[in-house]
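Under the numbering used here, the residue at position 21 of the sequence shown is numbered 667, and the numbers go up by one with no gaps.
Backbone N, C-alpha and C define an ideal beta-carbon position, used for all residues, glycine too.
In this text, all values refer to a predicted model and were calculated from it rather than measured experimentally.
One structure below.
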Amino acid sequence: MKLCLPFFCVALLGVGIMPVAAVGPRSFSDGANPDSGETAPESAPDLSSINPSKEDDRTQSQWWAMASAIEPQKTIEERPSSESEELEVKHNTENNDQKSNSDLTFAPKPDGDRPNPLPNIEPTAPAKEPTAAIPKLDEIARPNTSVESLLHPSRPSLSNFSDVVQISQSVVQVTGVRLNPTQAGLEVILVSAEGQVLQAKTRTEGKTLIAEISNAQLVLPDGQEFRAQNPFEGINLVTVTQVDASSIRISITGQENLPTAGVLRSASGLVLSVSTEKINIIVTGNQQTPYLQPNASSATRTDTPIRDIPQSIQVVPQEVIQDQQVTRLDEALRNVSGVTYGGTVTGRGSEFGLRGFNDAPILRDGFRRYSSFGSFPEVANLDRVEVLKGPASILYGEIQPGGLINLVSKQPLSEPFYEAELQLGNQTFVRPRFDISGPLTSDRSLLYRVNGLYQTSDSYRGFTQDNQRLSIAPTLTWKISDRADLTVSLEYIDDKRAADNGLVVLGRRVVDVPRDRVASDPDDAIETQDLNVGYNFEYRFSDNWKLRNAFRYASYNFDFNVIGLQELGFDEKTATTDLFWASQDSQNKNYTLQTNIVGDFATGSIQHTLIFGADISYSDQRLSTVGDFETPIPVNIFNPVYRSVPKPDEDTLASFGSNKIETSRYGFYVQDQISIFDNLKLLAGLRYDTAEQRNDSGEGSETTQNYNDFTPRLGIVYQPIPEISLYASYSRSFNPGSATTAGGGLIEPETGSGYEVGVKAELFDRRLAATLAYFDITKQNVAVTDPNNSLFSIASGEQQSRGVELDISGQILPGWNIIAAYAYTDAEVTADTDRSLVGNRLFNVPKHSGSLWTTYEIQSGDLQGLGLGVGFSYVGERQGDLPNSFQVDSYFLPNAAVFYQRDNWRAAINIKNLFNVNYIESVTGSRASGNQPGEPLTVIGSFSVKF
C-alpha cells in the first residue's frame, strides 16, 4: 500500500495554511517601533500608561526585582519568601516628575492554552502621546478593581511557537513586562505563571547594570523584546531581552556611570549589592533551580504541569547536560530511573530499555524513525531529554510497553546569542562546538539558530578506527502573524567509529580479558549518516483553539567495511571464536505527517483540554549483506592472532541476501484532560491504528501483513494539598512483530498493558520535585519458538515487569542542586513454550539501579561562581540472556567535577569513572557477542564563552 493522505487530514492542513493569507504579514502594534532606536523626547510622559500600584500585584506569582538607593549605613531590607520579587531603582533625591516614555507596558494577552495564572492583574492603559503637563502622583489613574475585572482577568499569551509535537517549554515563561513608578523610583515587573519563580545575578558593563535571569523565556504577546527609553529621571534605557533558550537579561542604562555589583545572601533571598552609587538590588522569595522542570508534554502533547499528569515522566534539562559534560545520550539517561543501556549494536546505534523492556523508541521532537536499528543522536543540539514511562501508544502508536525517550531540540531566539565551546580530554578527545541564534529581520519575525559540532577521539577498545563525528543543525522560525508560526529545521550527522561487537562468554561470566581486547578484527569500522528535515506549523483560531501540523523526513544509512563477523559461535573449550569476512549496508527512509487540533473549553464548572488528530507515516527499509561464510578465521580470545586469512575486497564477497520492508501506518486519536475541581483531574484517551507491512526478501518471497488495534488510556490525579499529587493510571500499547510463522506470515503484534500508581511532591517551597511510582506491566503475544517447528515462531509468550521507582530533582539550598534516581525492577518470563524459561529474569535488567548527581556553586564573595559536583551511577547484577546461562557483575561508578563561571565565560573539569572500574556496560542476550565493556577513567576539560 502506498502512502496516501486521507481527505480530512488534507482539509485540516488547508484550514491551517489558508487563514495565514487572510491574516497578512506581521505588523507592529500602535506606537513607537521598539527597534527603531528613536530616543523619546525630553518631555514628561502621561503616567496613566504606567501602573503605579503594586499592592494588588504582590499577590500574584510574579518575579520582582528592586534596585533601591539607600544610605551607606542603612540595612539591606529583607522580606518574607512569600512576597513577590522586585527590581526597584531608587535615587538619593526623590523626584516624581518622570521623563517621557510612551510604551512602558507589555500586558499579557488571553490564551486558552493555560489556566489563568494571574487572576488579579489589573489591566494596563494603552500608551499615550507625551503631554506638556507633568502629572503628580495623586493624578495617576488607579487600577481597575471592579468585580467584573476580578471575574474576567487577563491571561498570558503563548503566541510563540513550540517544537514539533508541541513539547512544552521546561523554563519559566515570562508573559508580560511592566514598569511602575513609585515615590522613590521605578519597578520592573516580570509576569510569570502562578507558583513559578526566577533566579537572578547581576553584573555591570560601563553605564549599564545587568541582571541575568536564569531558567526563563520571554514570550511577550507580540514576540518582541521589551524596550523603554527615558522611563525615569536618571535612567536612559530599560530593556528586557532573551539571551538564550533559558535566560533573560534586564539591562538598566543610567545617565551616569553605574557601579560594580556584588552578590550577598540573606535570609529572605538573594541580595545583589552595588557599592559606588549606593544602589541595591534585592531579590526576595523562592529561587528556582535549573534542575527542576515543572512542565512537560511528551505525555499529553499539551502544555501540562508534570504534577497534573497521571504517569511518571522525567526530564533531564540542559543544565544537567552542561554540568556533567554529557557527550552521549546514554550518559544523560543515567539520571533517570528504570533506564537500561543496551549497547551500540556493532556501531549501528544506541539502544535503551525502559522498565525491563528493550527497544524503547527514541523520538526527535515527537517524531519516531521506524527502523530495525537506531542511530547516535547528538546531545549538543538538545534543549532537554524527556522520558515517558509506561505504555504510550495513545499518542505515538506502535511502541514497547516500557515507555519512550523524546529528544527536544533547541529553538531560535529573538535576541542575538553566540556561544562557543572547546572540550579536551584523554583518549585524544577533542570536541569543538558552536551555537548561534538571533533575528534576521528588524521586527524579529524571522529567527534563526545554528548548532555545529566536530568530535574525534581514540577507541578505548583497541580498534584502529578513530571515533569521528560531524553535526550541523540549522533551524528557521517565521512568525507569520500574531496567529501563525512556521518553523523549518534540519539536522545532519555523519559518524565514523569502530564496529565493536563486544566480548564473548566463558562459563557463566564474560571472559576476563583487558578492556581493550578485540574479539573480532581491529580494523572493523562502520560509517553512518543521519538526516532529519521538516517543518512545524501552528495556527491559532482564537485564544482557546489552535491547529498544529508538522512533517518530518528522516533518513538513516549505515555501511560497514569488511569486518570479522563473530556472531556465529564460540568454542569455550579452546577459547576460540570463528570469524567470517562479511559486510552489510542499509538505507532507511521515513515520511511522517502529524496534524491535531487542541481546544480549551468548559462544560459548566468542568474545564476541558481536548486534543484530537491523526498521524500518517510511511517507512522504507532496505538491507543487503555479503560475506564469505565458508572460510572460518579462528581467533583465540586470550592470545589473538588476527587475519590468518587475509581480508578480501568487498566486491569479491558473495551476496548473502537482501531484504526490503515497506510499512504504511495511520493513527487517529482523541484525548481529554478534565479538571472536575482544582484538585481533581481526569485523563481519558483512545487511539485507533491501522497499518500494512510488506516484506520482500528477494527471489519472489514476499509477505504482506495488515494489523490494527485500539489503545485506551485512563488516569486520575488527586491533590489533597497543592504540593502533593496522588495519581493512578491504566494504559495499553501494541508493537508489530518481525518473526515468521510456519505458514509464512508475520507474527501477530505484541500487546502491552500497564497499571501505575504513585505520588508526586513539590518540596522546599516547590524548589525540589519528587516522584514515587509503582508499576505493573505485562507484555503478551511475545514471539516464542514454535513447538512443532523450531525454525519458526508463534505469538504465545508473556513477560511481566513490576517495580518501584523514585526520581528527585531540584534545589536543596541556594546554589545546591541535585538530581537522583532509584529503581527496583522485577522483570521475568511468565509464559513460554519452553517451560525452562518460565520464571527466568529478562536479560540486561538489574533488580536494583540508581544514580546521584549534586553540585554546589558558591553564591557570594571572592569565590563566587566556583562550584563542585559529585555523583555516582550504580547498576546491579544482570542476567546475560533469556535462559539465564550467565550473569554480569554489578558496578559502581563515582564521578566528580569542578567548574568556575564568571560573566560570560565558564571553565570546567569533569572526571568520569573516578576509580577506573572495569565493568560490562551492556549485554544483548548472546554468549558469542554483544557484551560491551564500559569506558575507563575519563577526564574532560572545557572552556565556553557566550556573547
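Could you work out which residue in the options is closest to residue i when comparing CA atoms only?
{"i": "E1276", "options": "V1025, L1225, V962 and Y937", "result": "L1225"}
{"i": "R1154", "options": "A1574, I1586, V1585 and V1591", "result": "A1574"}
{"i": "A1441", "options": "V1430, T1476, Y1401 and N1434", "result": "V1430"}
{"i": "V820", "options": "R953, I856, T854 and E871", "result": "E871"}
{"i": "P1624", "options": "R824, G1020 and G1098", "result": "Shown here, the chain extends from 647 to 1593; a query on residue 1624 therefore has no answer."}
{"i": "R1115", "options": "I1172, S1127 and I1040", "result": "I1172"}
{"i": "S1188", "options": "V1244, T1133 and N1195", "result": "V1244"}
{"i": "E1408", "options": "N1435, D1432 and G1456", "result": "G1456"}
{"i": "D1011", "options": "L1028, P1294 and F1019", "result": "L1028"}
{"i": "S1482", "options": "E1503, F1518 and P1529", "result": "P1529"}
{"i": "S943", "options": "Q1510, P1023, A862 and L1053", "result": "L1053"}
{"i": "E997", "options": "P963, F1022, V982 and R980", "result": "F1022"}
{"i": "S1088", "options": "P1078, Q1073 and E1061", "result": "E1061"}
{"i": "R1090", "options": "L1059, Q1111 and V1096", "result": "L1059"}
From residue i to residue j, what does the alpha carbon distance come to, in whole angstroms?
{"i": "Y1202", "j": "L1177", "result": "6 Å"}
{"i": "I1320", "j": "H1254", "result": "5 Å"}
{"i": "G1461", "j": "N1282", "result": "54 Å"}
{"i": "G1036", "j": "N1325", "result": "24 Å"}
{"i": "S1135", "j": "V1179", "result": "6 Å"}
{"i": "R1552", "j": "T1350", "result": "57 Å"}
{"i": "I927", "j": "T885", "result": "For I927, the predicted structure reports a pLDDT of 39, less than 50, and the residue's modelled location is therefore unreliable. A value from the coordinates is still provided. In a straight line, the C-alpha of I927 is about 16 Å away from that of T885."}
{"i": "S919", "j": "N1234", "result": "Because S919 carries a pLDDT of 36, less than 50, the predicted location of this residue cannot be relied on, and no value is offered for it."}
{"i": "D1472", "j": "P1286", "result": "39 Å"}
{"i": "P1292", "j": "N1305", "result": "29 Å"}
{"i": "I1307", "j": "N1341", "result": "5 Å"}
{"i": "D1480", "j": "S1384", "result": "20 Å"}
{"i": "V1031", "j": "N1463", "result": "18 Å"}
{"i": "F807", "j": "E1184", "result": "Only weak support exists for where F807 lies, its pLDDT of 30 falling under 50; the coordinates are left without a value."}
{"i": "G900", "j": "Q875", "result": "11 Å"}
{"i": "D1158", "j": "T1220", "result": "15 Å"}
{"i": "V1475", "j": "S1506", "result": "56 Å"}
{"i": "T1174", "j": "R1143", "result": "9 Å"}
{"i": "G1049", "j": "R1412", "result": "27 Å"}
Checking 8 Å against the spacing of the C-beta atoms, do residue i and residue j come in under that value?
{"i": "P956", "j": "L1329", "result": "yes"}
{"i": "G1002", "j": "V1403", "result": "no"}
{"i": "Y1537", "j": "G1496", "result": "no"}
{"i": "I1209", "j": "D1141", "result": "no"}
{"i": "E1451", "j": "G988", "result": "no"}
{"i": "Y1042", "j": "T1309", "result": "no"}
{"i": "G1526", "j": "K1493", "result": "no"}
{"i": "D1162", "j": "W1227", "result": "no"}
{"i": "A1165", "j": "Q1101", "result": "no"}
{"i": "V1025", "j": "A1066", "result": "no"}
{"i": "P1358", "j": "F1380", "result": "no"}
{"i": "F1545", "j": "G1513", "result": "yes"}
{"i": "D1261", "j": "Q1240", "result": "yes"}
{"i": "S1519", "j": "Q971", "result": "no"}
{"i": "I856", "j": "R895", "result": "yes"}
{"i": "N1113", "j": "S1127", "result": "no"}
{"i": "S860", "j": "P940", "result": "no"}
{"i": "S897", "j": "E858", "result": "no"}
Could you check where the alpha helix (DSSP H) with residue i kicks off and where it finishes?
{"i": "L1041", "result": "S1039 to Y1042"}
{"i": "I967", "result": "Q964 to D969"}
{"i": "A1388", "result": "Element bounds for A1388: n/a, residue is neither H nor E."}
Terminal residues of the continuous beta strand (DSSP E) containing residue i?
{"i": "A1248", "result": "T1222 to T1249"}
{"i": "L1149", "result": "Unbroken run through L1149: none, as it is neither H nor E."}
{"i": "L1452", "result": "N1435 to L1459"}
{"i": "A1477", "result": "W1462 to A1477"}
{"i": "A1543", "result": "Y1537 to R1548"}
{"i": "A891", "result": "Careful: A891 lies outside any beta strand (DSSP E) and carries neither H nor E."}
{"i": "D1422", "result": "L1414 to D1432"}
{"i": "E1024", "result": "E1024 -> no beta strand (DSSP E), and no H or E assigned at all."}
{"i": "L864", "result": "A862 to L864"}
### Message
Could you tell me which whole beta strand (DSSP E) segments of length 3 or greater appear in the stretch 1487 to 1531?
### Response
1494 to 1503 and 1512 to 1521
### Task
Identify every run of the beta strand (DSSP E) within the stretch 1295 to 1343, keeping only runs that are complete inside it and at least 3 residues long; order them along the chain.
1300 to 1323 and 1326 to 1342
### Message
As an exercise, report each continuous beta strand (DSSP E) stretch of at least 3 residues that is fully enclosed by the stretch 1088 to 1171, in chain order.
### Response
1092 to 1103, 1113 to 1124 and 1130 to 1144
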